[in-house]
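Quick notes on the structure that follows.
In mature numbering (1 follows the signal peptide of the UniProt record, and there is no 0), the protein residues as written are -19 to -1, 1 to 173.
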C-alpha cells in the first residue's frame, strides 16, 4: 500500500498535478487565473471544483468572464489565516472602498454547498454573512489550515500555482479585522 501511495505522489509531483501547498491533486478545472497587482505581482491559478460546489463555481466563472473581478481589492487579509477579495460592488480599486466586504454582485445569493473537504493551506472558500445561504461573489484563500471553517463555508477550489504570491499579499491590521490600508488587487481574472 505504501508503495502505491508513494508512486501516486511521485506521479503527481512529476506532472505538476499536485496542488501547491493544499495537498489536493489538480482536476480538470475550470481554472481561475488571478493576475495580482500592487505591492506584489504575479499570477495565482485556482483549480475550481464544480463537482463540490457547482452553483458557486458557475457564479464565479460568470463573474470572471464578465470582468467583474477586474480591479477588485483584497480588502481583508489576516496574517496566518486568509486573504479575502471579490466584493465586485464596493471593492473596486480607485473608488470608495470603505464598504468593501459588505457587497456582492447583481446576481442572487447562493444556497450553501457544504462538503466534507477541509480548509487547508491554499483552499479557496466563499465568504458570506451570518446566513449560510448568503455567499455571492466574495471569496478567500487560506494561508494556513483552519478546520473550524470546515462544514461552515463552501469550498470552491484550491490554488495550484502562485501560492507564494498569495503569501506576499499585503496584510491588514489585526486590530481592525484584517482591514488593509493600501490593498493589493486583482488586475484581471480569467477562466480557462
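Cβ coordinates follow ideal geometry from the N, Cα and C atoms, glycine included.
Inset, instruction - Verify whether the separation of the beta carbon atoms of residue 14 and residue 161 is less than 9 angstroms. - result: No. Outside cutoff.
Legend entry - residue 43: first and last residue of the uninterrupted alpha helix (DSSP H) it sits in: Where residue 43 is concerned, the enclosing alpha helix (DSSP H) starts and stops at 35 to 47.
Legend entry - Inter-stretch contact (C-beta, 8 angstroms, three-pair minimum) for the segment 65 to 84 and the segment 44 to 52: yes
Inset, instruction - Could you check what DSSP says for residue 148 in three-state terms: helix, strand or coil? - result: helix
Inset, instruction - Using beta-carbon positions only, say whether residue 100 and residue 113 come within less than 9 angstroms of one another. - result: no
Legend entry - residue 56 versus 41, 47 and 81, residue with shortest Cα-Cα distance: 81
Inset, instruction - Can you grab the Cα-Cα spacing for the pair residue 119 / residue 97, in whole Å? - result: 21 angstroms
Inset, instruction - Would you grab the beta carbon distance between residue 137 and residue 44 for me? Rounded to a whole angstrom, and I think it's under 8 angstroms. - result: That belief does not hold up - the Cβ atoms of residue 137 and residue 44 are roughly 12 angstroms apart, past 8 angstroms.
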